[in-house]
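K.L.:
Take this structure first; my questions come after.
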Amino acid sequence: MGLDEIATKPHEQLAAHLAGKMEAVNLLIRERMASRHAPRIPQVTAHLVEAGGKRLRPMLVLATADLCGYDGPFDVHLAATVEFIHTATLLHDDVVDESAQRRGRPTANLLWDNKSSVLVGDYLFARAFQLMVEPGSLRVLDILSNASATIAEGEVLQLSAAQDLATTEDIYLQVVRGKTAALFSAATEVGGVIAGAPETQIKALFEYGDALGIAFQIVDDLLDYQGDAKSTGKNVGDDFRERKLTLPVIKAVSAANAEERAFWKRTIEKGDQRDGDLEHALALMQSHGALEQTRAEALDWAARARAAIAVLPDHPVRGMLDRLAGYVVARIS
Numbered sequence: 091m092g093l094d095e096i097a098t099k100p101h102e103q104l105a106a107h108l109a110g111k112m113e114a115v116n117l118l119i120r121e122r123m124a125s126r127h128a129p130r131i132p133q134v135t136a137h138l139v140e141a142g143g144k145r146l147r148p149m150l151v152l153a154t155a156d157l158c159g160y161d162g163p164f165d166v167h168l169a170a171t172v173e174f175i176h177t178a179t180l181l182h183d184d185v186v187d188e189s190a191q192r193r194g195r196p197t198a199n200l201l202w203d204n205k206s207s208v209l210v211g212d213y214l215f216a217r218a219f220q221l222m223v224e225p226g227s228l229r230v231l232d233i234l235s236n237a238s239a240t241i242a243e244g245e246v247l248q249l250s251a252a253q254d255l256a257t258t259e260d261i262y263l264q265v266v267r268g269k270t271a272a273l274f275s276a277a278t279e280v281g282g283v284i285a286g287a288p289e290t291q292i293k294a295l296f297e298y299g300d301a302l303g304i305a306f307q308i309v310d311d312l313l314d315y316q317g318d319a320k321s322t323g324k325n326v327g328d329d330f331r332e333r334k335l336t337l338p339v340i341k342a343v344s345a346a347n348a349e350e351r352a353f354w355k356r357t358i359e360k361g362d363q364r365d366g367d368l369e370h371a372l373a374l375m376q377s378h379g380a381l382e383q384t385r386a387e388a389l390d391w392a393a394r395a396r397a398a399i400a401v402l403p404d405h406p407v408r409g410m411l412d413r414l415a416g417y418v419v420a421r422i423s
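Throughout the sequence shown, residue numbering follows my numbering, covering 91 to 423 in sequence.
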């Protein structure tokens with residue numbers, strides 16, 4: 091089942107349920123990304139923030155806080171915090187990856203320059219820390235600041251692991267936990283913390299966000315080889331061309347014979363890529379079942395996310411979060 095075949099998408103249900111809060115988040119984001127002295131900051135930020143993304147991470151903060159009965163104002167601050175952290179990492183990622191397209195649009199570093207993207211990303215991180223302090227919760231500050239450090243650590247680990255054929259699935263999972271899952275789990279966890287939920291529920295929310303984030307990234311990595319540019323916003327095989335050792339390639343390398351390993355060493359480690367190499371890489375992944383195994387792992391992580399929230403209170407939002415885990419893997423189901 092493809093995403094377009096799902097009549098009412100779970101993130102749209104969440105958006106409708108949280109419409110008032112999300113409008114407050116959007117207003118706060120626009121207010122805090124302003125700069126009297128550096129007009130390029132709102133220009134660059136607006137290009138990415140208003141590019142039509144699903145705002146999934148801030149919605150997870152609002153949804154989990156609502157699920158746990160929170161009725162105060164600071165879930166809005168924390169939702170905006172998470173979106174600022176996410177946007178800052180995207181700006182930095184596009185510079186590191188030398189990307190030219192995101193969500194089907196030119197990247198900020200292409201429209202402006204690398205310096206602007208890096209510095210505006212730094213500005214958004216600073217704004218995020220200002221926002222996360224405002225609720226006055228040391229535990230919330232601990233969760234979000236740790237997530238920020240984990241994200242940066244994951245990105246640095248990826249630099250050394252991405253083109254090394256010795257990279258294992260465990261190292262890949264560590265990278266994914268850093269670059270993607272850390273912010274998902276922080277978003278779901280702080281929603282429970284700000285609401286004063288019992289520790290069992292906060293733990294369940296963390297586990298849900300962690301598993302959802304891992305499934306989300308594995309799907310993204312799989313679609314790099316099986317998706318289409320119109321729906322994914324990037325070209326098929328970009329990860330191969332950028333010499334990234336994602337899960338499908340790691341699985342193919344682990345099953346490779348000497349001749350196949352030499353191919354991966356030439357194309358990934360040495361960067362000597364020629365016409366037809368992408369097609370050969372795809373054939374190798376198919377022959378060793380790497381794509382199907384990757385798909386199975388994504389589905390398993392989505393199932394873990396759904397199982398984690400079974401202990402949470404019976405609430406409409408819990409059903410939406412359950413369906414959201416299924417939606418994340420719908421494109422590969």
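For glycine and all other residues, C-beta sits at the position ideal for the given N, C-alpha and C.
Assuming contact is defined by CB atoms lying nearer than 8 Å, are Ala386 and Pro338 in contact in what I supplied?
P.N.:
No; because the gap between Cβ atoms is not below 8 Å, this pair is not in contact.
K.L.:
What separation, rounded to the nearest whole angstrom, lies between the Cα atoms of Met375 and Asn347?
P.N.:
Each residue's Cα considered, the two are about 13 Å apart.
K.L.:
How long is the line joining the alpha carbons of Gly110 and Pro406, rounded to whole angstroms?
P.N.:
Distance between the alpha carbons of Gly110 and Pro406: 17 Å.
K.L.:
For the alpha helix (DSSP H) holding Lys205, just list the boundary residues, first then last.
P.N.:
That run of the alpha helix (DSSP H) goes 204 to 223.
K.L.:
Using 10 angstroms around the beta-carbon of Asp430, count the other beta-carbons present and answer buried if the total reaches 16, otherwise exposed.
P.N.:
With the chain covering 91 to 423 only, the question about residue 430 has no answer from this structure.
K.L.:
Can you tell me the Cα-Cα spacing of Tyr417 and Arg408, whole angstroms?
P.N.:
The straight-line gap from Cα to Cα measures roughly 14 Å.
K.L.:
Between which residues of its own chain and Leu104 is the CB-CB distance below 6 Å, once the five residues before and five after are set aside?
P.N.:
Within the same chain, Leu104 has close Cβ partners Met149, Ala153, Met410.
K.L.:
Exposed or buried, which one is Gln220 when buried takes at least 16 other CB atoms within 10 Å?
P.N.:
Classification of Gln220: exposed, given that the 10 Å Cβ count is below 16.
K.L.:
Pick out the complete alpha helix (DSSP H) segments inside the region 315 to 378, 4 residues or longer, and give them in chain order.
P.N.:
Correct list: 319 to 322, 328 to 331, 337 to 344, 348 to 354, 367 to 377.
K.L.:
I'd like the list of long-range same chain contacts for Leu414, defined as Cβ closer than 6 Å, with 5 residues on each side in sequence excluded.
P.N.:
So the list reads Pro100, once near-sequence residues are dropped.
K.L.:
In angstroms with no decimal places, state the Cα-to-Cα distance between Ala251 and Ile131.
P.N.:
Spanning the two alpha carbons is a distance of roughly 32 Å.
K.L.:
Against chain C, does Gly416 count as a neighbour if the rule is that its beta carbon must be under 8 Å from one of theirs?
P.N.:
Absent here is chain C; the protein component of the structure consists of one chain.
K.L.:
Report the residue from Glu297, Glu102, Asp161 whose alpha carbon sits nearest the alpha carbon of Ala397.
P.N.:
Considering only alpha carbons, the answer is Glu297.
K.L.:
Gln307 and Arg331: beta carbons closer than 8 Å?
P.N.:
No, they are not a contact pair.
K.L.:
Tell whether a beta-carbon distance below 8 Å holds between Arg267 and Ile304.
P.N.:
Yes, they are a contact pair.
K.L.:
Spatial neighbours of Ala169 within its chain, please: CB distance less than 7 Å, with the 5 preceding and 5 following residues excluded, ordered by chain position.
P.N.:
Cβ within range, chain order: Val115, Pro148, Val151, Leu152.
K.L.:
From which residue to which residue does the alpha helix (DSSP H) around Pro148 run?
P.N.:
From DSSP, the alpha helix (DSSP H) with Pro148 extends over 146 to 157.
K.L.:
In angstroms, rounded to a whole number, what distance separates the CA positions of Ile403 and Leu389?
P.N.:
The residue you asked about is not Ile; residue 403 is Pro in the sequence shown. Answer to the nearest angstrom: the Cα atoms are 24 Å apart.
K.L.:
Would you report the Cα separation of Glu95 and Arg421, rounded to the nearest angstrom?
P.N.:
Residue confidence for Glu95 is low, a pLDDT of 44 falling below 50, so the modelled location carries little weight; the figure read from the coordinates is stated next. Computed Cα separation, rounded: 10 Å.
K.L.:
Which residue comes first and which comes last in the alpha helix (DSSP H) that contains Lys111?
P.N.:
109 to 122 is the span of the alpha helix (DSSP H), which, as asked, contains Lys111.
K.L.:
Looking at Phe174 and Arg217, is the spacing between their C-beta atoms short of 8 Å?
P.N.:
Cβ atoms of Arg217 and Phe174: closer than 8 Å.
K.L.:
Please check the pair Leu312 and Thr384, which I expect to be a contact at CB under 8 Å, by giving their CB distance rounded to whole angstroms.
P.N.:
With 8 Å as the limit, Leu312 and Thr384 qualify as a contact, their Cβ atoms being about 5 Å apart.
K.L.:
May I ask which residues mark the beginning and end of the alpha helix (DSSP H) holding Gln383?
P.N.:
Element bounds for Gln383: 380 to 398.
K.L.:
Looking at Leu358: is its Cβ nearer than 8 Å to the Cβ of Gln253?
P.N.:
Sequence inspection shows Ile at residue 358; the Leu mentioned does not correspond to that position. The answer is yes: Cβ separation under 8 Å.
K.L.:
Buried or exposed: which applies to Pro225, given that a residue is buried once 16 or more other Cβ atoms fall within 10 Å of its Cβ?
P.N.:
By the 10 Å Cβ count, Pro225 comes out buried.
K.L.:
What is the DSSP secondary structure of Thr135, reduced to helix, strand or coil?
P.N.:
Thr135: helix per DSSP, three-state reduction.
K.L.:
With C-beta atoms as the reference, is Thr171 less than 8 Å away from Leu234?
P.N.:
For Thr171 and Leu234, yes; Cβs fall inside 8 Å.
K.L.:
For Asp412, I'd like the list of residues in its chain whose CB is within less than 8 Å of its CB, leaving aside the five on either flank, ordered along the chain.
P.N.:
Answer for Asp412: Arg396, Ile399, listed in chain order.
K.L.:
Quick one, which of Tyr315, Arg126, Ala276, Lys269 has its alpha-carbon nearest Met222's?
P.N.:
Looking at the Cα atoms, Ala276 is the closest of the given residues.
K.L.:
For the alpha helix (DSSP H) containing Tyr417, name the first residue and the last one.
P.N.:
406 to 418 is the extent of the alpha helix (DSSP H) around Tyr417.
K.L.:
Restricting to Cα atoms, I'd like to know which of Pro129, Leu295, Thr179, Arg333 is closest to Lys355.
P.N.:
Here the closest residue by C-alpha is Arg333.
K.L.:
How many whole angstroms separate the CB atoms of Ala294 and Ala272, which I take to be in contact at a CB cut-off of 8 Å?
P.N.:
Going by Cβ atoms, the distance from Ala294 to Ala272 rounds to 17 Å, so no, they are not a contact pair.
K.L.:
Please determine, among Ala345, Ala371, Pro129, Arg120, the residue with the shortest C-alpha to C-alpha distance to Thr177.
P.N.:
Closest option to Thr177, Cα to Cα, is Arg120.
K.L.:
Verify whether the separation of the beta carbon atoms of His370 and Lys341 is less than 8 Å.
P.N.:
Against a cut-off of 8 Å, the Cβ pair of Lys341 and His370 comes out as no contact.
K.L.:
In whole angstroms, give me the CA-to-CA distance for Val419 and Ala392.
P.N.:
Cα to Cα, Val419 sits roughly 7 Å from Ala392.
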